[in-house]
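Peer 1: Below is the structure I would like to discuss, written out as structure tokens.
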Amino acid sequence: MRIGFHVRVGGGYDAAVAYATKHGCSSLQFFSGNPKTYRIGAIDAPALAKFAAARTAAGVTPVAIHTSYLINLATDDPKIANGSLRLLKNDLAVAAAGDVAYVNTHLGSYGKRDRKEGFAAVVAALEDALEGIAPQVSLVMENSAGAGALCGGTMEELGALVRAVGHPNLRVCIDTAHTWAAGYAIDTPDGVAAFFDHVEREIGLERIVMFHFNDTEIELGGHRDRHWHIGEGRIGIAGFRAIVAHPGVQGKVAILETPGEEGDDARNIAALRTVLEGVGA
Ligand SMILES: [Zn+2]
Ligand SMILES: [Zn+2]
Numbered sequence: 132m133r134i135g136f137h138v139r140v141g142g143g144y145d146a147a148v149a150y151a152t153k154h155g156c157s158s159l160q161f162f163s164g165n166p167k168t169y170r171i172g173a174i175d176a177p178a179l180a181k182f183a184a185a186r187t188a189a190g191v192t193p194v195a196i197h198t199s200y201l202i203n204l205a206t207d208d209p210k211i212a213n214g215s216l217r218l219l220k221n222d223l224a225v226a227a228a229g230d231v232a233y234v235n236t237h238l239g240s241y242g243k244r245d246r247k248e249g250f251a252a253v254v255a256a257l258e259d260a261l262e263g264i265a266p267q268v269s270l271v272m273e274n275s276a277g278a279g280a281l282c283g284g285t286m287e288e289l290g291a292l293v294r295a296v297g298h299p300n301l302r303v304c305i306d307t308a309h310t311w312a313a314g315y316a317i318d319t320p321d322g323v324a325a326f327f328d329h330v331e332r333e334i335g336l337e338r339i340v341m342f343h344f345n346d347t348e349i350e351l352g353g354h355r356d357r358h359w360h361i362g363e364g365r366i367g368i369a370g371f372r373a374i375v376a377h378p379g380v381q382g383k384v385a386i387l388e389t390p391g392e393e394g395d396d397a398r399n400i401a402a403l404r405t406v407l408e409g410v411g412a
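Right, dumping it as structure tokens:
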């Protein structure tokens, strides 16, 4: 697998690459702007090209942008829907300018809206965003913890979106903490095997291009989003060992979105590396 962290780029792209390299990363994920505003800055193509060259030289590739947390493609509020689509399209343009393979996004919440109507709105928004996508970029839908009216909490729903849109550049990211929160017991070899069988049936493993590897402290099916350190939560080392041993993850990207500071990052990536070495991956 290609492994890395979600890194801050506020201190400059060079510092982000240096951080990834220092910790032996072969991938990374970043926000293209402030993830809590609808404001969009101008695309600095020369800086992005330099960032891409530095990553390639360091062997940190492929990489991902995580879109703004404000994105909601399922809403019935036209202002939020338009702002979300603008943010998503901007990240796809940044990715094209900066040699970023994956634009990972949350889908949002249906709120009080009829789910069927909301699903159609998500399909339409994805189709719109994919219309202008660069061939080397993928729009990646991240599974949610499935709380309340959140879109994308089940493999059935993600698979239905993939089929309804029918675009080759629409892919899926599996976040392990969200998967657990949504009720999939991925803490044992049997549970992991059953989950991947389910993913294969509902979505197709070839559509899964990346993973967010996060442990979690909440109860199975708790529908809350709380990331924890690798091997120190409910999924545990046994769960991650089974996950990384599965054929469905081989050669793909795994991003850690675990909490804490640099010392925690070092501990988490060391834990992941031990797990990978244990299965010869
Ligand atoms: Zn996310
Ligand atoms: Zn995630």
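Number 281 in my numbering belongs to position 150 of the sequence shown; there are no gaps in the numbering.
Cβ coordinates follow ideal geometry from the N, Cα and C atoms, glycine included.
When you compare the CB positions of R332 and A278, do they come within less than 8 Å of one another, or not?
Peer 2: The answer is no: Cβ separation not under 8 Å.
Peer 1: Have a look at L204 and D245 and give me their C-alpha separation to the nearest angstrom.
Peer 2: Distance between the alpha carbons of L204 and D245: 14 Å.
Peer 1: Output yes or no for whether 8 Å exceeds the beta carbon distance between T198 and L218.
Peer 2: A contact, by the Cβ cut-off of 8 Å.
Peer 1: Going by DSSP, what residue range makes up the beta strand (DSSP E) through Y233?
Peer 2: Start and end: 233-236.
Peer 1: Apart from the five residues just before and just after G290, which ones in its own chain have a Cβ nearer than 6 Å to its Cβ?
Peer 2: Counting only Cβ-Cβ distances below 6 Å, and skipping sequence neighbours, we find E333, I334.
Peer 1: Could you tell me which of S157, V148, A280, A189 sits nearest to T206, measuring between CA atoms?
Peer 2: Nearest of S157, V148, A280, A189 to T206, Cα basis: A280.
Peer 1: Alpha carbon to alpha carbon, how far is D395 from D230?
Peer 2: When rounded, the distance between both Cα atoms is 29 Å.
Peer 1: Does ligand 1 have a heavy atom nearer than 7 Å to the CB of E331?
Peer 2: Flag unset: Cβ of E331 not near ligand 1.
Peer 1: Put R170 into one of helix, strand or coil per three-state DSSP.
Peer 2: Three-state result, R170: coil.
Peer 1: Could you tell me the alpha carbon to alpha carbon distance between I211 and I202, rounded to whole angstroms?
Peer 2: Each residue's alpha carbon lies about 8 Å from the other.
Peer 1: Counting along the chain, where does the beta strand (DSSP E) carrying S269 start and finish?
Peer 2: Residues 269-273.
Peer 1: Please report the residue range of the beta strand (DSSP E) in which P306 lies.
Peer 2: Per the sequence shown, residue 306 should be read as Asp rather than Pro. Here the beta strand (DSSP E) through D306 covers 301-306.
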